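J.: Shown below is the structure under consideration.
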Amino acid sequence: MSAGFADIDWARPWLAPIEARGRRWQAAALAGYDEYLATLNEDAASALHVTGRGERLAFIGQEELPPDASYEGHIAQTGRVPTRHNLHDFFNASMWFAYPRIKAALNARQAQQIDTLGIGPTRGGVRDALTLFDENAVLFACADASLADALRGFDWRTLFVGERAAWGTRCEARIFGHALLEKLVAPYKACAGHAWIVDVPAGYFTLDDAARRALLDERISHSILDAPLDNRVFAPLPVLGVPGWWDANTSTAFYEDVSVFRTGRLNRRC
């Protein structure tokens, strides 16, 4: 079963940070589930990444998750990530390599919440925010507070039109959420992420991709472990509005669609 793996278009700019490893994984996934898991585990063995409680990262078939175990708790305790043969879990695994500290921090805090509160019919505010980050976050790195304010204030014309030249020099977006990446295999205009705003120094934009990811990985992982969390810490971001990500957004008329680029109340600062 290909599960949509053949549909991944590596020319999409938001996939550039994971393309090199992703192409190998895609080929393995198309060859079969066993080869796919073996390839993930070869990479995990050489990368030496760990999960939320310091356990070495590995990937197992979903059927190996014990029926009485929670997903996040099992990962924290064993290091073994239950993984299905589908796009959703493909992109989830990708983030363990692109941002290993963020993923470990998310897992650590999820496990701590489960230990404290148990598994109930609802997750609660902190676990909801952690899950939203994991599934749908966009990392908005910004060296200009006015651009962060424009994002929080739904000032799309400033952010995407008036300050278009700022993208790549004073701000940028990087998709983290694996559910969002899955949706963007078949992009549509209304596709939106939840932006986590990260203040970065101006020199950030002189760094290469690996160095930028490392800086964000370290900085955000500390925030996840230490900061108060609920869903209000995010700012909505229509991702196909990001300059350079979608051909149609070169026209200012693209941003006049109020069903996508909505006005709204100011979000609390991340």
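In the UniProt record's numbering, the protein residues as written are 1 to 270.
Just so you know, even glycine gets a beta-carbon here, dropped at the ideal spot from N, CA and C.
Computed from a prediction, not measured in an experiment: that's the story for all the values here.
Would you kindly work out how many angstroms separate the C-alpha atoms of Ala6 and Val50, rounded to a whole number?
T.: Position 6 of the sequence shown, counting from 1, holds the residue named residue 6. Position 50 of the sequence shown, counting from 1, holds the residue named residue 50. Between Ala6 and Val50, the C-alpha separation is close to 30 Å.
J.: Might you give, ordered along the chain, the residues of its own chain that have their beta carbon closer than 6 Å to the beta carbon of residue 319, omitting 5 neighbours on each side?
T.: Outside the displayed range of the chain (1 to 270) lies residue 319, so it cannot be described from this structure.
J.: With distances taken from CA atoms, which of Trp156, Gln113, Cys142 is nearest Ala129?
T.: In the sequence shown, residue 129 corresponds to position 129, counting from 1. Nearest of Trp156, Gln113, Cys142 to Ala129, Cα basis: Gln113.
J.: Hey, Ile75 and Asn107 are a contact pair by Cβ (cut 8 Å); roughly how many whole angstroms apart?
T.: As a position in the sequence shown, residue 75 is number 75, starting the count at 1. As a position in the sequence shown, residue 107 is number 107, starting the count at 1. The pair is a contact, with the Cβ atoms about 5 Å apart (cut-off 8 Å).
J.: On the DSSP bridge list, what partners appear for residue 280?
T.: This structure cannot speak to residue 280, because the chain is shown only from 1 to 270.
J.: What residue range does the alpha helix (DSSP H) around Ala11 cover?
T.: Residue 11 sits at position 11 when you count from the first residue of the sequence shown. Note, Ala11: premise wrong, no alpha helix (DSSP H); not H, not E.
J.: Identify, in the order they occur along the chain, each residue of the same chain with its Cβ nearer than 6 Å to the Cβ of Tyr99, setting aside the five sequence neighbours on each side.
T.: Position 99 of the sequence shown holds residue 99. Within the same chain, Tyr99 has close Cβ partners Asp217.
J.: Helix, strand or coil for Arg174, going by three-state DSSP, please let me know.
T.: Here residue 174 refers to the residue found at position 174 when the sequence shown is read from its first residue. Reduced to three states, the DSSP call for Arg174 is strand.
J.: Nearest to Asn249 by alpha carbon, out of Gly168, Phe160, Ser221?
T.: Residue 249 sits at position 249 when you count from the first residue of the sequence shown. Comparing Cα-Cα distances from Asn249 to each of Gly168, Phe160, Ser221, the minimum goes to Phe160.
J.: Out of Arg53, Ala192, Trp167, which has the shortest C-alpha to C-alpha gap to Gly177?
T.: The residue given as residue 177 occupies position 177 in the sequence shown. The residue with the shortest Cα to Cα distance from Gly177 is Ala192.
J.: Do you know how far the Cα of Asp230 is from the Cα of Pro17?
T.: As a first step, residue 17 must be located in the sequence shown, where it is residue number 17. As a first step, residue 230 must be located in the sequence shown, where it is residue number 230. Cα-Cα distance, rounded: 28 Å.
J.: Starting from the N-terminal side, write out each stretch of the beta strand (DSSP E) that is 3 residues or longer and does not extend beyond the region 56 to 112.
T.: For the region 56 to 112, whole beta strand (DSSP E) runs of length 3 or above, ordered along the chain, are 58 to 61, 80 to 83.
J.: Exposed or buried, what is Ala227 when buried is set at 16 or more other beta-carbons lying within 10 Å of its beta-carbon?
T.: Taking the sequence shown and counting its residues from 1, one reaches residue 227 at position 227. That one is exposed.
J.: Return the first residue and the last residue of the beta strand (DSSP E) that Val233 is part of.
T.: Looking up residue 233 in the sequence shown gives position 233. Premise fails: Val233 is in no beta strand (DSSP E) and is neither H nor E.
J.: Sorted by chain position, which residues of the same chain lie with C-beta nearer than 6 Å to Tyr33's C-beta, five sequence neighbours on each side aside?
T.: The residue you call residue 33 lines up with position 33 of the sequence shown. Cβ within range, chain order: His85.
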